[in-house]
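Enquirer: The sequence shown begins at 2 in the numbering used here and counts up one residue at a time. We put the CB at the ideal spot given by N, CA and C, even for glycine.
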Amino acid sequence: MTKEELFKLMNENPVMHLATVDQNGFPRVRGILMFKACDDGIIFHTGAFKDLYKQLMANPNSEVCFQCGAVQIRVCGKFELDQSDELFEEIYNHPSRAFIKQWGKSKEEVKDFLKIFKMKHGKAYTWSMADNFKPK
Numbered sequence: 002m003t004k005e006e007l008f009k010l011m012n013e014n015p016v017m018h019l020a021t022v023d024q025n026g027f028p029r030v031r032g033i034l035m036f037k038a039c040d041d042g043i044i045f046h047t048g049a050f051k052d053l054y055k056q057l058m059a060n061p062n063s064e065v066c067f068q069c070g071a072v073q074i075r076v077c078g079k080f081e082l083d084q085s086d087e088l089f090e091e092i093y094n095h096p097s098r099a100f101i102k103q104w105g106k107s108k109e110e111v112k113d114f115l116k117i118f119k120m121k122h123g124k125a126y127t128w129s130m131a132d133n134f135k136p137k
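#1: From 85, 114, 6, 73, pick the residue whose C-alpha is nearest to that of residue 133; which is it?
#2: For residue 7, which residues does DSSP report across the bridge?
#3: For residue 33, which residues of its own chain have a beta-carbon under 7 Å away from its beta-carbon, when the five flanking residues on both sides are left out?
#4: Just to confirm my understanding: we take residue 123, look at its own chain, exclude 5 residues before and 5 after, and list those with CB closer than 7 Å. What are they?
#5: Would you mind reading off the limits of the alpha helix (DSSP H) that contains residue 59?
#6: In this structure, how does DSSP classify residue 99 when only helix, strand and coil are distinguished?
#7: Report the rounded CA-to-CA distance for residue 62 versus residue 106, giving the unit in angstroms.
#8: Can you tell me which of 27, 102, 10, 9 puts its alpha carbon nearest to the alpha carbon of residue 60?
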């Protein structure tokens, strides 16, 4: 599967399960809505008060998993914090993210609260039932 095909499937199925490690070394997995997947990476946002934010800041290694019909896409790599004005504006003004405006009394307050992460150089793996018994 090409990179473009992977991005297309991820963007069509933006709910991903994201794995981190907590402060005691235990895995933590949660479903989260991705913002987008593109050449800039897999991009999502969370809140500054969330355990997810703290866990990725302490250990940026992660794996995400998308269920795209009969195909599962797993991507492992490192998430980087990206607080650029350009990316914030894109997310803040995107129609699918109108709910973000309720997270603060001002745009600046939302920007302080919103933490944006990118996985730029992840390694993708696909799986389907057809692959279940194939040797690795």
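Expert: Let me lay it out:
#1: 73
#2: For residue 7, which the question treats as bridged, DSSP gives no partner whatsoever.
#3: Result list for residue 33: 17, 19, 45, in chain order.
#4: 43, 76, 77, 78
#5: 52-59
#6: helix
#7: 33 Å
#8: 27
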